[in-house]
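Asker: First the structure, then my questions, so here it is.
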Amino acid sequence: LVLGIALGVAVIVSIDLANVSAERGFELSTTTITGRATHAIVAGDRGVDETVYVALRTDPSWRRTMAMAPIVRVLTSSPRLEGIPLTLLGVDPFAEAPFRAYLSDGSVPVEAAVRLLTVPGAVFLAAPLAARYGLEPCPPDRLDASCRLTLVAAGREHEAHIVGLLDPADAFSRRGLETLVLTDIATAQRFGDMAGRLSQIDLILPDDVAPDALAATLPPGHLVVPAGRRSGQVVAMTEAFRINLTALSLLALVVGIFLIYNMMTFAVVQRRPLFGTLRSLGYTREQIFGMVLAEAALVALLGTALGLGLGVVLGQATVRLVTRTINDLFFVVNTRDVPMPLASLVKGSAAGILAGLIAAALPAWDAASVPPRLALLRTDLESKAQRLVVVAAGGGLILAVIGAVVLALPTRSLVISFGGTFAVLIGLAALTPWLTFWLMRFLSIPLGRWLGLLGRLATRGIIRAQSRLGIAIAALMAAVAVTIGVQVMIDSFRTTVSLWLDEALRGDIYISVAGFSANRPDEPLPPEVVALVRGYPGAAGTAGLRVVGVESAYGPLELVAVDPDTALNPRLLVQTQGTPAQVAEAFRQGAVILSEPLANHLGIERPGGALDLLTPQGWRSFPIVAIETDYASTRGTVRMSLAVYRRLWNDERLNGLTLFLPEGADIEAVTADLRRRLSAFSQVQVSPNQALREGALAIFDRTFAITVAMRLITILVAFTGVWNALLAFQLDKAREMGILRALGLTLADMHRLALIETGLAGAAAGLLAIPTGYVLAWILIFIINKRSFGWTLQMHLEPAAFVQAFGLAVGAALLAALYPAWRLHRLDVAAALRND
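1027 is the number that the working numbering gives the last residue of the sequence shown; the numbers go up by one with no jumps.
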């Protein structure tokens, strides 16, 4: 009982800690960069023209009205720092004081600040980061290898020198600066290949200055946005992911509630004679109820305390899994420590204690309400259990129907959707004892013929033990059904992604820069690489790819510009406005294609209408000509012709190149030759089609690692419940076993009977889990997934998933029966019969 509560609480706490850690890591990094800014001037990924800052800075009216500071933000890493994601932030020290206190709070000596502007490649590191890797600033009189740092940015390696450390006094700022590398504007522009461009201009606007008034003075293609808008939108990307994880953790607790209820019921059943005696001696119903409930509360407190400690330990591993998934699917975040927010511990504590009290309430009421005379009769208990089985079945059917109605509601709320899913699952679990009763009645005749007396005894034993086994079988059924549902969903997802990759990856070799996010090429290719690949001898053709962030009426969006003739596949188009040929022609002329996730997020159900994007010439409307399948990003993308993008954005850079080879060409040999030719560009990756496909599926498997872990923990909770229930079942049957032993049943027969009974219980759970798991898989694939991420999946039913789940249920039950069966060796027949 304690272990069941502890595991349920541990899962909730560990998932909550992981979610909070990832969100806190992103919040700290964005707060560190944003500082006290209220607004920012942005122009998408292409950056703000630095002449805009010069014009504002030299305009007396704007200089007196607001504070402004330019920044250049570049993602970077260093082999010397284990390749962890870092933010290279270029600042103007003379404009920083109102925004960020890195250089103006007295923690950085003046001479170090001067060196930032005078030493080529000078950078500041956070003091904790430098201490972790044993780095020290360069001495004032020289630059040597001890303080040299190689930074990888924009696909190239750059040499930097550590000239100072950032060591603010407060802990919040120290944590925020831990993954920050500070430098001057010019160095950041050089490292990030952003000559003449700024990432944004931070502003502190007084309340009486309207952002629109400032925006009206800016050149076309520039926008004034609230400082916190971008961080809020990025965090919102992970909302569905975090809700899904939370639902999985709650599922483990639901299975734990079944366990608690089952064990408290057994505790009450085992002591019914005691309660009858106490009632006869004058104890009131309220006292009995309070006694049982207090006992449950104490056990829940102990289990919760253990669960909190275990949850913190699990949180360390869970943070790594969650952070890796967020880096693969959403944005780059580096979380090294696991904070201990009081809210997470309070959630886990409340869940564990409330679960224990709620699950114990019904058994406590049963203990308090039973008359003293009936408390001594086993037949009264089982007859009451049979009636409750029928009532629970009726209630479960109603609950399942309510859940189905809730799922049918036209809502995108994941909380409501998961509420309906839980209602269906719990409702079907409530039907399990009644279905088990009739299943055993059906099996009694064939098992009697096959196994003789033991077969008849086993089926009748399960029928008569509904008060003890019913909930345990229901809990095991629910856990195994979740295993089936999640496994079918993952298999269907993987199969769909594999088929999509076959259609999407039509080239032979792909060239890109190794980035920080696994789901998209972040960095542009060096021009020399593009020229070399474009001119590769014997190639049948090449196709370019440009991935950038652009501003839209809905906020920042990801724009993917491609060559229409090589990248537009009609088989990937879910909905179109016209024939495929008409779509292709409209695409060449400037129409855009939305991915399914983006269309889902924007509430666009079908092609038509237009999407407003901010171009360097100002706002422009692009017709939406199709919606396509895309599993590369949960954020969603806007696809545009590369020629149209280059004409409007005046950007010739490419993030990736696809090389097409003639029929029969040796792909491996060409790949090796390209790698040799590009060996001077250490960050450039050359991947053949098959390797890229396998890498994408590896990312997929990595993404679902946390889901698999949660599923295994849920099974562990259920196994604990079955083990306890079967142990209690065998202990409670001591007198019955004594009678059977006295009547001539051998010890071997009793072992077989125990295993047959428990095997039948597991088989009942496994059989009933198959249709329940199918229903759950259908809900996850066609409702939860669609509302979470907007993907359309094909259901793929693999028989192995159902066979393995059935074997898991039977195996768990048989393993749980080993100890009770071993205890039969110690059965004292005389003692067992003495009180009968």
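Even for Gly, the Cβ is constructed at its ideal location relative to N, Cα and C.
All values derive from a computational prediction rather than experimental measurement.
Consult DSSP for F315 and reduce its assignment to one of helix, strand or coil.
Answerer: Of the three classes helix, strand and coil, the one that applies to F315 here is strand, per DSSP.
Asker: Along the chain, where does the beta strand (DSSP E) that runs through I784 open and close?
Answerer: That run of the beta strand (DSSP E) goes 783 to 786.
Asker: Kindly indicate the opening and closing residues of the alpha helix (DSSP H) around G957.
Answerer: Where G957 is concerned, the enclosing alpha helix (DSSP H) stretches over 938 to 970.
Asker: To the nearest angstrom, how far is it from the Cα of A670 to the Cα of G643?
Answerer: Going by the C-alpha atoms only, they are around 32 angstroms apart.
Asker: How would you call Y244, buried or exposed, if buried means at least 16 neighbouring beta carbons within 10 angstroms?
Answerer: Result: buried.
Asker: Suppose you measure from the CA of Q876 to the CA of G735; what does that come to, to the nearest Å?
Answerer: If I take the Cα positions, the gap works out to 15 angstroms.
Asker: Within this structure, are the beta carbons of G1002 and I675 separated by less than 7 angstroms?
Answerer: Cβ atoms of G1002 and I675: not closer than 7 angstroms.
Asker: If you measure between the beta carbons of L944 and L645, is that distance less than 7 angstroms?
Answerer: Their beta carbons are under 7 angstroms apart, which means L944 touches L645 by this criterion.
Asker: Can you give me the Cβ contacts of A584 inside the same chain, cut-off strictly under 7 angstroms, excluding the 5 residues immediately before and after it?
Answerer: Around A584: A621, L622, W625.
Asker: Using a threshold of 6 angstroms, is the CB atom of L946 nearer than that to any non-hydrogen atom of the ligand FAD?
Answerer: This structure simply doesn't include the ligand FAD, nor any ligand for that matter.
Asker: Could you tell me which uninterrupted beta strand (DSSP E) segments, each at least 3 residues in length, are contained entirely in the segment 324 to 361, listed from first to last along the chain?
Answerer: For the segment 324 to 361, whole beta strand (DSSP E) runs of length 3 or above, ordered along the chain, are 339 to 344, 347 to 357.
Asker: From L883 to Y701, what does the alpha carbon distance come to, in whole angstroms?
Answerer: Each residue's Cα considered, the two are about 8 angstroms apart.
Asker: What's the C-alpha gap between Y822 and E477?
Answerer: Cα to Cα, the separation comes out at about 58 angstroms.
Asker: Within 10 angstroms of its Cβ, does D207 collect 16 or more other Cβ (buried), or is it exposed?
Answerer: When all chains shown are included, D207 counts as buried.
Asker: Please return the same chain residues whose Cβ sits closer than 6 angstroms to the Cβ of P788, not counting the five positions on each side in sequence.
Answerer: T825, G827, F980, G981, listed in sequence order.
Asker: Here's a check: name, in chain order, each residue in its chain whose Cβ is nearer than 8 angstroms to the Cβ of S560, leaving out the five neighbours to either side.
Answerer: Hits under 8 angstroms: R476.
Asker: How would you call E714, buried or exposed, if buried means at least 16 neighbouring beta carbons within 10 angstroms?
Answerer: E714 is buried by the Cβ-count criterion.
Asker: Applying the 10 Å Cβ sphere with the 16-neighbour rule, what's the burial state of Q678?
Answerer: Burial call: buried.
Asker: Using 7 angstroms as the threshold, is the C-beta distance between L848 and V724 below it?
Answerer: Closer than 7 angstroms, so yes.
Asker: Along the chain, which unbroken stretches of the beta strand (DSSP E) at least 3 residues long are found entirely within the segment 818 to 845?
Answerer: Fully enclosed beta strand (DSSP E) runs of 3 or longer: 829 to 832.
Asker: Just grab the DSSP bridge partners of G235 for me.
Answerer: In the DSSP output, where bridge partners are listed per residue, G235 has none listed.
Asker: If you follow the beta strand (DSSP E) that D393 is in, where does it begin and where does it stop?
Answerer: Element bounds for D393: 391 to 395.
Asker: Give the straight-line distance between the Cα atoms of R381 and A996, rounded to the nearest whole angstrom.
Answerer: If you take the alpha carbons of R381 and A996, they lie about 57 angstroms apart.
Asker: Which residues bound the beta strand (DSSP E) around I702?
Answerer: 700 to 704 is the extent of the beta strand (DSSP E) around I702.
Asker: Going by C-alpha to C-alpha distance, which of L272, A258, T278 sits closest to L266?
Answerer: Nearest C-alpha to L266: T278.
Asker: Tell me whether the beta-carbon of I549 lies closer than 7 angstroms to the beta-carbon of T495.
Answerer: For I549 and T495, no; Cβs fall outside 7 angstroms.
Asker: Taking 7 angstroms as the cut-off, decide whether the C-beta atoms of V741 and G235 are in contact.
Answerer: Their beta carbons are under 7 angstroms apart, which means V741 touches G235 by this criterion.
Asker: Which residues mark the beginning and the end of the alpha helix (DSSP H) in which A649 is found?
Answerer: Start and end: 644 to 655.
Asker: Start and end of the beta strand (DSSP E) containing D803?
Answerer: Run containing D803: 801 to 806, per the beta strand (DSSP E) assignment.
Asker: Measure the alpha-carbon distance for I203 versus A488 and round it to whole angstroms.
Answerer: I203 and A488: Cα-Cα distance of roughly 19 angstroms.
Asker: Find out if the Cβ-Cβ distance for the pair I232, H413 is shorter than 7 angstroms.
Answerer: Result yes, Cβ atoms of I232 and H413 sit closer than 7 angstroms.
Asker: For a test of the three-state rule: what should DSSP assign to W810, helix, strand or coil?
Answerer: Of the three classes helix, strand and coil, the one that applies to W810 here is strand, per DSSP.
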